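Asks: So the protein sequences, as listed, match chains A and B. The first sequence begins at 3 in this note's numbering and counts up one residue at a time. The second sequence begins at -13 in this note's numbering and counts up one residue at a time. C-beta: ideal position from N, C-alpha, C; glycine also. Keep in mind that this is a model prediction, so the values were computed, not measured. Please find one structure pasted underneath; my questions will follow.
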Amino acid sequence: MNRLCDSMEPRVMDDDMLKLAVGEQGPQEEAGQLAKQEGILFKDVLSLQLDFQNILRIDNLWQFENLRKLQLDNNIIEKIEGLENLTHLVWLDLSFNNIETIEGLDTLVNLEDLSLFNNRISKIDSLDALVKLQVLSLGNNQIDNMMNIIYLRRFKCLRTLSLSGNPISEAEDYKMFICAYLPDLVYLDFRRIDDHTKELAEAKHQYSIDELKHQENLMQVRLEDEQARQEELEKHKTAFVEHLNGSFLFDSMYAEDSEGNKLSYLPGVSELLEAYKDKFVIICVNIFEYGLKQQEKRKIELDTFSECVHEAIQENQEQGKRKIAQFEEKHLSSLSAIREESELPNVEKKILECSADISELFNELMMLEMQLVEQLEETINMFERNIVDMVGLFIENVQSLMAQCRDLENHHHEKLLEISLSTLEKIVMGDLDEDLPDDLRALFVNKDTIVNAVGASHDIHLLKIDNREGELVTRINSWCTRLVDKIHKDEIMRNRKRVKEINQYIDHMQSELDNLEYGDILD
Amino acid sequence: MEVLREKVEEEEEAEREEAAERAEWARTEKMMRPVEVRKEETTLTQEMLRDLEKKLSEIQIPISAELPAFTEDTIDISKLPVSYKTNTPKEEHLLQVADNFSRQYSHLCPDRVPLFLHPLNECEVPKFVSTTLRPTLMPYPELYNWDSCAQFVSDFLTMVPLPDPLKPTIKREEKVLPKKYTIRPPRDLCSRFEQEQEVKKQQEIRAQEKQQLREEEERLMEAEKAKPDALHGLRVHSWVLVLSGKREVPENFFIDAFTGHSYSTQDERFLGIESLWNHKNYWINMQDCWNCCKDLIFDLGDPVRWEYMLLGTDKSQLSLTEEDDSGINDEDDVENLGKEDEDKSFDMPHSWVEQIEISPEAFETRCPNGKKVIQYKRAKLEKWAPYLNSNGLVSRLTTYEDLECTNILEIKEWYQNREDMLELKHINKTTDLKTDYFKPGHPQALRVHSYKSMQPEMDRVIEFYETARVDGLIKREETARTMTEYYRGRPDFLSYRHANFGPRVKKLTLSSAESNPRPIVKITERFFRNPAKPAEEDVAERVFLLAEERIQLRYHCRDDHITASKREFLRRTEVDSKGNKIIMTPDMCISFEVEPMEHTKKLLYQYEAMMHLKREEKLSRHQVWESELEVLEILKLREEEEAVHTLTISIYDTKRNEKSKEYREAMERVMHEEHLRQVETQLDYLAPFLAQLPPGEKLTRWQAVRLKDECLSDFKQRLINKANLIQARFEKETQELQKKQQWYQENQVTLTPEDEDLYLSYCSQAMFRIRILEQRLNRHKELAPLKYLALEEKLYKDPRLGELQKIFA
């Protein structure tokens, strides 16, 4: 098929072209007149048709933020690009172009219908982001590998697929293969797949599909496991006690401590180390459990607080709504009374009354709001005190537990030093009957060296413990401040919004009344 | 007499049921005097006996005299069995025993009411009460337990009040109305202060009066509740006593036969018991009834407490320990029974009444003639058997304002098996409001329909089963000028639609047949919150002011806001100074937005919204119009249903279901015919000829041949005879016709037109007969040889004539 446009100059997607298209495809007749009068903003356009325009490069579409449907068929586009901003796109037609690879669709998560009919695509790829895809048209392309079908298994919503006119559609097994591997598919190449074909296909490819399914299931399970682990860790992190339910801290203490590792080969040290580790881990686990418990408490506290605040706000809103409803009822009747009134003095009197009503409503609403603000402030302060107390208590307790850790470390250090010194003595005396690794033996040169080595190890350990403790304390403190800040800020925002709302409403009412006044005077 | 008889029979009926429960018929006297005389325990000397006999013979027994004579007697005595009309010697003996017992009793207890021992039955024959009871088990499971059985009996009994023995016929006194307009005393001319004081006083007095009035009313109410009964404690009547023990009856209780209700033996309304009887014995209560029946001990085996009439037939337990007698079981009774002196015992004769039969129809009908009226205080309850009334009415409760039951307050009518599923009709006479309640399944999904008149455009409320309706309509209220509809569960979230109508415009040009709907002035529609839409785009209420050409919209309120957006459109189309139509101007849409948006300010948006609303307005108007039509349709349907009131009949109801009945009868007929045909085919041609031969022997060949020949010749003769017979009839008819024709020709001139008509009709009939005979003859001629051959074939194949075959074989 030799297209007419081949002989024509490629066109650029510029503003004029887009405006023309939008104007032509926009509202017609009466609405069209209005549209012309006002002009149409690109971001209000929902559907755009740009077919047979001889377009070579997709461009200038970034303003069409709310576009739902885009037709770019029958152009000479070679590369899918410039569609990143069209995130609301549901319908995309790129058929009859010169596209060779699928790309640039990663932001179009809402896409349901994609047509790439009659292009030069050889591989189905890069469609992962299109989770809502229902219709995929890839006919008249150069797809030649059956394995491309398996890629389509990830689209759970896919119901319609067309692949005719590709090299794979020549294959004998083409239809059966697709039916078997895409069992949720309803239409293939514009034809409904009947149940009989489905059954046949399933029977034919059962083994390979079962295997595939098994693998997919395994993958799924692994993914879920990973997710569960992540969630668990996340939970621990919110409690600020992650990696404390085991020997992580202890292990990390020795990870960078070369001297300590060397010293562990000393006779009697390994037993000592074992006992030390056990005790250390027990304390760590204590901290961990305590942290989770405290986290639970904090959560309950926060929930109760937000529930109460929510209730109070709801109650206040209800009151406000009632007030407004009452006012509106009265206001409507008085407005109609004003309209019917013919005597000017009376009209003025009534209008005055009306505006008095409006200002009274304003006062009432503002009073309600001020009341609420005061009440909430009190509650928020109380909550703040409580949560700060809780955090303080938590930190105190954690610190005392950490102090136990440090004591253990000190104790261990003393023991280790003792052993080291006795070993040194033995070495000096020359009656050491055990073999020591060479690098360890190198430490036992004199007393200063060995004491320094043991001391260095001890320092590292203490530093680790201090670091962990410091991290915990800083994090929880910052969480606490952030939470309190947020609550305060939210409350301020809420208050401002409400005041703005009330003012707006009152202004509207007042201006309505003023308009009426002018209208009356004009009459 | 009828009432009594029925009562007795039904008592029997109940008794049959409760026989196992050892029910006893209790005859009681209210306010029983303390029993002074105890049974004499000492043995009597001969002299004393004679003396006693003399005394006893002097005593009059007033038993039958006290029975009120029932004038109406609809029972055909002649059809009753002999046992109803005569007494067997044993029964006579029993009656004597009873007389003797009665005489002794009235001698010993002269103060007590005479015993009810042997009333006259419907054939005026005295029968002992116990023999009127005959335990029978009925095939209806409802009658197996006492409560439903008692209910059935109470339904069947009709209460006829006895004439008042104190004032037999007294005209009712006319009531004098209390004076309504009493004159107030004239007021003195006093000082203001005094007047004020007076007013105060009067107020106090008025309050007092009010108080008094209230008290008076209360007293009146009290009086209504219980009029002093002149015969309190003097009346004696019967009820059923069920004794504990068998069939898991935990304690003794009474059943009132008229209401079917059960009462505890402790109930204060039962003042005492005179006597008890069942189908085996008769007991007199010797216990003191000063505390009603509360202290009575129902241990019938205790001769001190219960004086029995017959010895030995008594099966009741004699409690071994007087305090705790309820726990004794049957085995003890049997043992006790065995120890009793056999000589003294006299068995109760067998009951003389026939077994009661209740047909299923009668059982379903329950009440006599299927109708029962129960009069309550200020209310009347009427009951009918199902299907008795053609409109399915089964019960009606009428409540009255006054005690005399003249001013009806309200009527409730319950229906059953109605095709239109009408269940209850409630008519309030004071407000004239009628309310119909329907069961699910009405073609228009009606649930409740309350109205004052069946005319359209009047006050009415129709409620629907909304799940049965596509549009989710729950309720439609109508007044003369408005119509309000309530919806639930609609995909467009509509919850409420209210239409105001204006006065109908008279159209002169249109023909009267065309409908002239009232102009709609205003339509208000309210919607539930649609969670899929943001609140500022979700319309909460829209008002189409059709007369003013305005549309008002109110949107839903956002969760954290207290004000809602509003928008008002003027849909008046105007023309500008140049004569062009103005499409849309900013002042055609007045809007208040909680959070002003950019795109809503555009004229295009407003124009589109208005176009949309215009379309919606049309739709809503159409909806209102359709609703009006639907109301008309419903009213029409209801009227038709009321007029036809067809009843549904279950397919399992073999008696009433005409279709199935026809089908069954047709099936039976077919079966019957089939049977006849089979009998015919089995007709034995040889039987008369075989009978001539000695039975049991095998036929010789000669005999067989002869038999066959005889049979065949006989058949031939029969065929010929038949042919002759037909021929003869044919000839006779022809002759007669000829004669008649001759006669006609002779007298043709003198004949009256009637005679001529007669002759002509005769001719046509005769011709018809002749033609038929001719046809029959021809048919016979055709069939006779075939029949003959068929018989020959049959005989040839007959196994009994096996000898014949041998020849041919």
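(1) Could you tell me whether the Cβ of K323(A) comes closer than 7 Å to any Cβ of chain B?
(2) Going along the chain, which residues of the stretch 366 to 378 of chain A sit with their C-beta nearer than 7 Å to a C-beta in chain B?
(3) Do you know offhand how far R194(A)'s Cα is from R122(A)'s?
(4) Taking only beta-carbon atoms, is K166(B) less than 7 Å away from chain A?
(5) Does any residue of chain B have a CB that is nearer than 7 Å to the CB of Q319(A)?
(6) Please confirm if Y401(B) has its CB atom under 7 Å from at least one CB of chain A.
(7) Is it a yes or a no for the stretch 290 to 301 of chain A touching the stretch 236 to 248 of chain A, going by three-plus beta-carbon pairs under 8 Å?
(8) Counting along the chain, where does the beta strand (DSSP E) carrying E471(B) start and finish?
(9) Output the distance between the C-alpha atoms of C575(B) and L36(A), rounded to the nearest integer angstrom.
(10) Hey, which unbroken runs of the alpha helix (DSSP H) at 4 residues or more fall wholly within the stretch 231 to 294 of chain B?
(11) Got a sec? Which residues, its chain only, sit under 7 Å from L419(B) by beta carbon, not counting five neighbours each side?
(12) Output yes if chain A places a C-beta closer than 7 Å to the C-beta of H547(B); else output no.
(13) So, do the stretch 135 to 148 of chain A and the stretch 162 to 174 of chain A have three or more beta carbon pairs nearer to each other than 8 Å?
(14) Nearest to L113(A) by alpha carbon, out of F119(A), L129(A), S124(A), I101(A)?
(15) If the criterion is Cβ atoms closer than 7 Å, does the pair R500(A) and E371(A) meet it?
(16) Between the alpha carbons of M19(A) and L69(A), how many angstroms are there, rounded?
(17) Could you tell me which residues DSSP pairs with V434(B) in its beta bridges?
(18) Tell me, please, whether the CB atom of E330(A) is closer than 7 Å to any CB atom in chain B?
(19) Name the chain A residues that come within less than 7 Å of E594(B), Cβ to Cβ?
(20) Give me, in chain order, the residues of the same chain whose beta-carbon lies closer than 6 Å to that of G488(B); leave out the 5 immediate sequence neighbours on both sides.
(21) Counting only the same chain and skipping the five closest in sequence on each side, list residues whose C-beta sits under 7 Å from that of S171(A).
(22) Below 6 Å CB to CB, which residues in the same chain sit around S337(B) once its five sequence neighbours on both sides are set aside?
(23) Chain B beta carbons: is any one of them nearer than 7 Å to that of H333(A)?
(24) Just to confirm my understanding: we take G34(A), look at its own chain, exclude 5 residues before and 5 after, and list those with CB closer than 7 Å. What are they?
(25) Can you have a look at R324(A) and say buried or exposed, based on whether 16 or more other CB atoms are within 10 angstroms of its CB?
(26) Let me see if you follow: with CB-CB separation under 7 Å, is K588(B) close to chain A or not?
(27) What is the C-beta distance between C407(A) and F307(A), in whole angstroms, given that I count them as a contact (C-beta under 8 Å)?
(28) Whole angstroms are fine: how far does the CA of Q724(B) sit from the CA of L760(B)?
(29) Which chain B residues are close to L337(A), counting only those with a beta carbon under 8 Å from its beta carbon?
(30) Step through the CB atoms of chain B and report whether any lies within less than 7 Å of the CB of E362(A).
(31) Does the beta carbon of L66(B) fall short of 6 Å from some heavy atom of the ligand ADP?
(32) Going by the DSSP bridge assignment, what does H484(B) pair with across the sheet?
(33) Taking Cβ positions only, does E69(A) come closer than 7 Å to chain B?
(34) Residues of chain A with CB under 7 Å from H585(B), in chain order?
(35) Look at the alpha carbon of K45(A) and the alpha carbon of I82(A), and state the distance between them as a whole number of angstroms.
(36) Can a CB atom of chain E be found closer than 7 Å to the CB of F555(B)?
Replies: Put simply:
(1) yes
(2) none
(3) 26 Å
(4) For K166(B), the predicted structure reports a pLDDT of 48, less than 50, and the residue's modelled location is therefore unreliable. The matter cannot be settled from this model.
(5) yes
(6) no
(7) yes
(8) 468 to 473
(9) 15 Å
(10) none
(11) S436, K438
(12) yes
(13) yes
(14) L129(A)
(15) yes
(16) 17 Å
(17) Y423(B), E449(B)
(18) no
(19) A33
(20) P505, V507
(21) L165
(22) T117, R120
(23) no
(24) G28
(25) exposed
(26) yes
(27) The pair is not a contact, with the Cβ atoms about 34 Å apart (cut-off 8 Å).
(28) Note on identity: in this sequence residue 760(B) is Glu, with Leu being the wrong assignment. So the two alpha carbons sit approximately 16 Å from each other.
(29) Ordered by position in chain B, no residue passes the 8 Å Cβ test against L337(A), which lies about 12 Å from the chain.
(30) no
(31) Of ligands this structure carries none, so the ligand ADP is not represented either.
(32) T470(B), T510(B)
(33) The question names Glu, but residue 69(A) in the sequence shown is Leu. Answer no: the Cβ-Cβ gap between L69(A) and chain B never drops below 7 Å.
(34) D46
(35) 21 Å
(36) Annotation note: the requested chain E is absent from the structure, which comprises protein chains A and B.
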